[in-house]
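Peer 1: This structure is in structure tokens; I'll ask about it shortly.
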Amino acid sequence: MQKLFKIFAKRFLNLLLILIFSQSAVALEVYFKSASKSLDVEVANSDAKRRQGLMHRKDLAKDHGMLFLWPQ
Numbered sequence: 010m011q012k013l014f015k016i017f018a019k020r021f022l023n024l025l026l027i028l029i030f031s032q033s034a035v036a037l038e039v040y041f042k043s044a045s046k047s048l049d050v051e052v053a054n055s056d057a058k059r060r061q062g063l064m065h066r067k068d069l070a071k072d073h074g075m076l077f078l079w080p081q
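With this note's numbering, the residue at position 19 of the sequence shown is 28, and numbering never jumps.
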């Protein structure tokens, strides 16, 4: 039973790490007439990421956002 739990725990941890590190985030510099501001932007560049979008997010920091990229 413990061996089965260890296998499950390893697989779950690997999946969790893959999900965490597969998030693509970039820093985007935006310039305004009066000043510049740095924003943290998550890029939605796949169908799955665009479908998910900002759903199920409880909050979004003031200087964070999502950029939706669509194929032409």
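For each residue, glycine too, the CB sits at the ideal point set by N, CA and C.
#1: Using the Cα positions of Phe21 and Leu63, report the straight-line distance between them to the nearest angstrom.
#2: Between the C-alpha atoms of Pro80 and Leu69, what's the straight-line distance to the nearest angstrom?
#3: Grouping DSSP H, G and I as helix and E and B as strand, with all else coil, what is Ala57?
#4: Kindly indicate which residue of Leu48, Ala44, Ser43 has the alpha-carbon position closest to the one of Lys71.
#5: Would Phe77 and Arg66 qualify as a contact pair, given that the criterion is a beta-carbon distance under 7 Å?
#6: Are the CB atoms of Met75 and Ala44 nearer to each other than 7 Å?
Peer 2: So, from the data block:
#1: For Phe21 and Leu63, the distance between alpha carbons rounds to 24 Å.
#2: 26 Å
#3: Ala57: helix per DSSP, three-state reduction.
#4: Leu48
#5: no
#6: no
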